[in-house]
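Novice: Pasting a structure below so you can have a look.
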Amino acid sequence: MSLDKVAASAADAVADIRSGSSLAVGGFGLVGIPWFLIAALLEQGADDLTVVSNNCGVDGAGLGLLLEQRRISRVIASYVGENKEFARQYLSGELTVELTPQGTLAERMRAGGAGIGAFFTPTGVGTMVAEGGLPWRYDADGAVALASEPKEVRTFHGKEMVLEESIVADVALVRAAVADRAGNCVFNASARNFNVPAAMSGRLTIVEAEKVVEVGELGPDEVHLPGVFVQRVVELTPEQAATKDIEKRTTRPREEITA
């Protein structure tokens with residue numbers, strides 16, 4: 001494989017994503033999400049998608065755009081968040097949702113990228129996460145049409161733990177602050193969030209980068225995600241790189257400082 005993994009455009013990078021694919025998508029709320037890869041996929045037309053992400057964007061932004069176009073059939077996430085359409089589709093039986101504890105979700109993706117088939121964790125023991133019965137899909141009348149199955153529970157070091165399967169997605173979409181042409185990536189502050197485990201879990205990982213540098217410009221200790229996990233890099237324009245948002249902005253008046 002060539003060390004130069006830079007694609008001509010976001011459209012080219014997502015052109016071969018097929019309907020029915022599973023996607024691991026980085027970000028937390030709207031922080032660190034791959035805005036332009038999502039937009040390119042919306043334009044590309046793939047549907048019946050399974051999305052693995054901490055949440056599913058918000059109404060009118062991020063993965064919420066794919067939801068509104070009925071392009072997602074299943075979501076594996078840790079919370080519904082601020083997305084009213086996400087909640088509506090789930091509760092009306094239009095969408096299958098596998099709610100997973102947040103840390104467990106991150107580890108399921110990381111484990112998939114590390115070649116680990118499953119792992120035991122104490123998170124969820126004694127709840128429906130382990131015992132089964134979590135509503136994954138409702139019918140049109142509000143009854144549970146599909147529920148989670150019980151999971152294996154074993155004791156390690158005197159503590160009960162539940163077995164969780166790792167996640168390997170067909171494609172991962174992530175956003176980096178800086179990437180080199182070989183796919184080594186650096187993430188900025190909280191935008192690192194789910195981007196690293198999502199990238200690791202993809203069989204095909206596509207990164208949109210705010211800045212692309214030549215191989216060798218990133219020091220080894222700077223790299224958060226090694227290029228071995230990345231197959232395609234999309235370089236954003238300065239205007240695109242500046243496109244960022246958050247779900248809610250909360251501020252308070254600045255207090256006056258008196259001498």
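Going by the UniProt record's numbering, the sequence shown runs without a break in its numbering and finishes at 259. Even for Gly, the Cβ is constructed at its ideal location relative to N, Cα and C.
(1) What first and last residue would you give for the beta strand (DSSP E) that runs through I206?
(2) So what's F194 in DSSP terms, helix, strand or just coil?
(3) Between the Cα of L146 and the Cα atoms of G132, G158, F156 and E210, which residue gives the shortest distance?
(4) On the criterion of 16 or more Cβ atoms from any shown chain inside 10 Å, does T258 qualify as buried, or is it exposed?
(5) Quick one, which of T96, S53 and Y79 has its alpha-carbon nearest R70's?
(6) For G112, count neighbouring C-beta atoms within 10 Å of its own C-beta (all shown protein chains included) and say buried if the count is 16 or more, exposed if not.
(7) Alpha carbon to alpha carbon, what distance is there between T127 and E94?
(8) Would you give the residue range spanned by the beta strand (DSSP E) that F120 belongs to?
(9) Taking just the CA atoms, how far does H157 sit from R249?
(10) Tell me the DSSP secondary structure of D170 in three-state form.
(11) For a quick check, are the C-beta atoms of V162 and A130 less than 8 angstroms apart?
(12) For the beta strand (DSSP E) that T50 lies in, which residues bound it at each end?
(13) Going by the DSSP bridge assignment, what does L236 pair with across the sheet?
(14) Quick check: what's the CA-CA separation for F187 versus Y138?
(15) If we ignore side chains and look at the alpha-carbon of each, how far apart do M1 and A182 end up?
(16) Identify whether T250 lies in helix, strand or coil by the three-state DSSP scheme.
(17) Nearest CA to the CA of P101: which residue from K84, T121, A13 and H224?
(18) So, helix, strand or coil for V223, using DSSP?
(19) Pull the bridge partners of L155 from the DSSP assignment, please.
Specialist: In short:
(1) Counted from its first residue, the sequence shown places residue 206 at position 206. If you look at I206, you'll find it in the beta strand (DSSP E) that goes G202 to V213.
(2) Counting from 1 along the sequence shown, the entry for residue 194 is found at position 194. Reduced to three states, the DSSP call for F194 is coil.
(3) Here residue 146 refers to the residue found at position 146 of the sequence shown. When each option's Cα is compared against that of L146, the closest is G132.
(4) The residue labelled residue 258 in the question sits at position 258 within the sequence shown. That one is exposed.
(5) Position 70 of the sequence shown, counting from 1, holds the residue named residue 70. The shortest C-alpha separation from R70 is found at T96.
(6) The residue labelled residue 112 in the question sits at position 112 within the sequence shown. When all chains shown are included, G112 counts as buried.
(7) Numbered from its first residue, the sequence shown carries residue 94 at position 94. Numbered from its first residue, the sequence shown carries residue 127 at position 127. In a straight line, the C-alpha of E94 is about 26 angstroms away from that of T127.
(8) Here residue 120 refers to the residue found at position 120 when the sequence shown is read from its first residue. F120: member of the beta strand (DSSP E) spanning A118 to T121, first to last residue.
(9) The residue you call residue 249 lines up with position 249 of the sequence shown. The residue you call residue 157 lines up with position 157 of the sequence shown. The alpha-carbon atoms of R249 and H157 are separated by roughly 44 angstroms.
(10) Numbered from 1 along the sequence shown, position 170 holds the residue referred to as residue 170. Three-state DSSP puts D170 in a strand.
(11) For the purposes of this step, residue 162 is identified with residue 162 of the sequence shown, where counting begins at 1. For the purposes of this step, residue 130 is identified with residue 130 of the sequence shown, where counting begins at 1. In contact: V162 and A130 (Cβ atoms closer than 8 angstroms).
(12) Within the sequence shown, residue 50 is the residue found at index 50, counting from 1. Run containing T50: L49 to V52, per the beta strand (DSSP E) assignment.
(13) Walking along the sequence shown from the start, residue 236 turns up at place 236. L236 is not bridged to any residue.
(14) For the purposes of this step, residue 187 is taken as the residue at position 187 of the sequence shown. For the purposes of this step, residue 138 is taken as the residue at position 138 of the sequence shown. When rounded, the distance between both Cα atoms is 38 angstroms.
(15) Translated into the one-based positions of the sequence shown, residue 1 becomes position 1. Translated into the one-based positions of the sequence shown, residue 182 becomes position 182. Its pLDDT being 46, under 50, M1 is placed unreliably by the model, and nothing is read from it.
(16) Taking the first residue of the sequence shown as position 1, residue 250 is located at position 250. Reduced to three states, the DSSP call for T250 is coil.
(17) Numbered from 1 along the sequence shown, position 101 holds the residue referred to as residue 101. Of the candidates K84, T121, A13 and H224, the one whose C-alpha sits nearest the C-alpha of P101 is T121.
(18) Walking along the sequence shown from the start, residue 223 turns up at place 223. In this structure, V223 counts as coil in the three-state DSSP scheme.
(19) Here residue 155 refers to the residue found at position 155 of the sequence shown. Before going on, a small fix: residue 155 reads as Thr here, not Leu. E160.
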